[in-house]
Amino acid sequence: MSCLPPDLALPKPALPNRSTRTPVPAALPGSGWTARHALGWLLLPLALAGCATQGPLDTGRPPGEVRGEITRRLPASLADRDGWAADIESAFAAQRIEPNAENICAVLAVTEQESGYVANPSIPGLPKIARGEIDRRAAALHVPRFLVDAALAVRSSDGRSYASRLQQVRTERELSELYEDLIGRVPLGKRLFTNLNPVQTGGPMQVGIPFAESKAAGYPHPIAGGVRDEVFTRRGGMYFGIAHLLGYQTPYTRKVHRFADYNAGWYASRNAAFQSAVSIASGIPLALDGDLLAPGAPLDKPGQTERAVRSLAGELRMDERGIRDALQRSDHLDFDDTPLYSRLYALAESRARRPLPRAMIPGIKLESPKITRQLTTAWFATRVDERYQRCLRR
Numbered sequence: 004m005s006c007l008p009p010d011l012a013l014p015k016p017a018l019p020n021r022s023t024r025t026p027v028p029a030a031l032p033g034s035g036w037t038a039r040h041a042l043g044w045l046l047l048p049l050a051l052a053g054c055a056t057q058g059p060l061d062t063g064r065p066p067g068e069v070r071g072e073i074t075r076r077l078p079a080s081l082a083d084r085d086g087w088a089a090d091i092e093s094a095f096a097a098q099r100i101e102p103n104a105e106n107i108c109a110v111l112a113v114t115e116q117e118s119g120y121v122a123n124p125s126i127p128g129l130p131k132i133a134r135g136e137i138d139r140r141a142a143a144l145h146v147p148r149f150l151v152d153a154a155l156a157v158r159s160s161d162g163r164s165y166a167s168r169l170q171q172v173r174t175e176r177e178l179s180e181l182y183e184d185l186i187g188r189v190p191l192g193k194r195l196f197t198n199l200n201p202v203q204t205g206g207p208m209q210v211g212i213p214f215a216e217s218k219a220a221g222y223p224h225p226i227a228g229g230v231r232d233e234v235f236t237r238r239g240g241m242y243f244g245i246a247h248l249l250g251y252q253t254p255y256t257r258k259v260h261r262f263a264d265y266n267a268g269w270y271a272s273r274n275a276a277f278q279s280a281v282s283i284a285s286g287i288p289l290a291l292d293g294d295l296l297a298p299g300a301p302l303d304k305p306g307q308t309e310r311a312v313r314s315l316a317g318e319l320r321m322d323e324r325g326i327r328d329a330l331q332r333s334d335h336l337d338f339d340d341t342p343l344y345s346r347l348y349a350l351a352e353s354r355a356r357r358p359l360p361r362a363m364i365p366g367i368k369l370e371s372p373k374i375t376r377q378l379t380t381a382w383f384a385t386r387v388d389e390r391y392q393r394c395l396r397r
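Note that the numbering used here numbers the sequence shown so that position 343 is 346, with each residue one more than the last.
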């Protein structure tokens with residue numbers, strides 16, 4: 004079912020902290036393509052480029068030539084274009100990802116959307132956002148405000164009080180360092196954050212830090228501090244961001260679905276289309292969020308999508324255990340090759356009397372203290388795809 008051989012088993016990455024997922028209103032049975040997003044198919048050469056390009060790599064192109072193409076496609080006004088090009092080329096080479104125009108432009112489009120080519124971008128209103136998060140966690144634990152104020156009045160490792168540092172933070176890196184200090188030195192910090200730094204994304208591609216930590220083994224540069232610190236550098240942020248964007252094989256024929264996955268999680272676009280097919284086959288409205296299994300759900304308490312699939316068990320010729328086993332492959336490429344996948348689509352298409360899409364942008368609202376507007380994964384993917392198309396024309 005895929006356009007490339009299956010990946011090795013790759014875990015679905017932790018979702019970015021900035022985009023807590025809330026499904027948009029459920030799709031109605033028979034709706035097929037979402038009304039939210041209907042972009043035209045690309046020509047075949049670009050369609051094939053939507054697949055991952057990993058494995059044995061011999062492009063025949065010297066690094067200098069690749070860096071030259073990257074430089075040419077970077078914005079002319081960008082400072083240190085050569086430095087950006089060198090870090091991007093190095094990441095492609097280290098991860099054995101084909102540095103073709105489509106992959107280069109995909110990386111540049113995400114970087115431009117996420118940070119505007121700033122390795123450690125500043126965030127407007129960050130002190131207020133950070134204090135709000137501290138107060139929210141304190142309230143959830145029934146910690147009085149005066150105790151929070153007392154903890155923040157303690158001198159931090161640089162001599163300033165935590166409250167003073169909090170008022171002066173401008174970037175996620177500064178905030179991350181403050182949290183690490185607070186967690187390590189103040190007992191209330193450990194209680195509020197349970198040794199988990201709330202800053203979970205960073206760098207020019209705003210990659211998830213848990214994802215970066217899971218990919219640290221192959222990182223080609225020395226790490227002076229930790230992976231978290233490296234994410235906030237240009238070379239580290241680009242390396243791990245490229246791994247998140249291009250470091251897995253997909254069945255997609257359009258890059259826009261890979262962009263949606265970058266925001267919503269690996270294979271979310273494939274899985275959202277599967278949910279739509281389940282809804283058509285079962286007559287049960289489902290949220291098309293790309294999550295086929297409820298996290299941690301026992302076999303006797305399935306989530307919404309799994310329940311809908313089980314309602315078709317007889318027609319699918321599968322029992323509950325077989326359905327669960329197949330759905331557990333939904334964060335892998337080879338979910339496409341399971342009997343559940345093929346039988347479900349055959350059933351849904353017989354009822355719809357038309358071919359159904361195998362990829363669909365998930366219907367997810369993005370929620371984060373940093374987000375002040377109503378944004379969705381469709382909005383993100385569309386904006387990145389527009390930048391991608393402009394890059395290809397450069």
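All C-beta atoms, glycine included, are put in the ideal place defined by N, C-alpha and C. Please read all numbers here as calculations on a predicted model, not as lab measurements.
The three-state reading of DSSP puts Arg257 in coil, since its state is none of H, G, I, E or B.
Relative to Val110, the option among Phe95, Pro223 and Asp294 whose CA is nearest is Phe95.
Nearest C-alpha to Gln252 among Ala153, Ser217, Arg99 and Gly306: Arg99. Its chain contains Ile226 and Gly239 as the residues whose beta carbon lies nearer than 6 Å to that of Glu233, once the 5 sequence neighbours on both sides are disregarded; these appear in chain order. With respect to Glu318, Leu302 sits apart: the two C-beta atoms are not nearer than 9 Å.
Here the region 271–286 makes contact with the region 345–352; the two share three or more CB pairs at distances below 8 Å. Within the same chain, Cβ atoms closer than 8 Å to the Cβ of Met321 are found at Ala329, Pro342, Leu343 and Arg346, the five residues on either side in sequence being excluded. For Thr74, the three-state secondary structure derived from DSSP is helix.
Closest option to Arg158, judged by alpha-carbon separation, among Asp184, Arg173 and Ile137: Asp184. DSSP places Thr341 outside both helix and strand once states are collapsed to three, so it counts as coil.
When DSSP reads this structure, Thr379 sits in a beta bridge with Lys368. A distance below 7 Å between beta-carbons, with the five flanking residues on each side excluded, links Ala89 to the following residues of its chain, in chain order: Arg70. The region 95–149 is shown to contain whole alpha helix (DSSP H) runs of 4 or more residues at 104–118 and 129–143, in chain order. Less than 9 Å separates the beta-carbon of Arg327 from that of Glu309. Closest option to Ala154, judged by alpha-carbon separation, among Ala143, Leu378, Glu177 and Gly187: Gly187. In this structure the region 165–177 does not lie against the region 210–217, because fewer than three pairs of beta carbons, one per stretch, are closer than 8 Å.
Around the C-beta of His335, 16 or more other C-beta atoms lie within 10 Å, and the residue is accordingly described as buried.
For Met241, the enclosing alpha helix (DSSP H) stretches over residues Arg237 to Leu249.
Separation of the CB atoms of Pro207 and Gly244 is rounded to 7 Å, and the pair is thereby assigned contact status at 8 Å. For Ala267 against Gly293, the beta-carbon gap comes to about 6 Å, under 8 Å, which counts as contact. Ser80 counts as exposed, since fewer than 16 other C-beta atoms from the protein chains shown sit within 10 angstroms of its C-beta.
The shortest C-alpha to C-alpha distance from Gly211 to any of Asp264, His260 and Val259 is the one to Asp264. Separation of the CB atoms of Ile283 and Ala355 is rounded to 5 Å, and the pair is thereby assigned contact status at 8 Å. With distances taken between CA atoms, Gln209 lies nearest to Ala246 out of Ala311, Lys258, Asp388 and Ala246.
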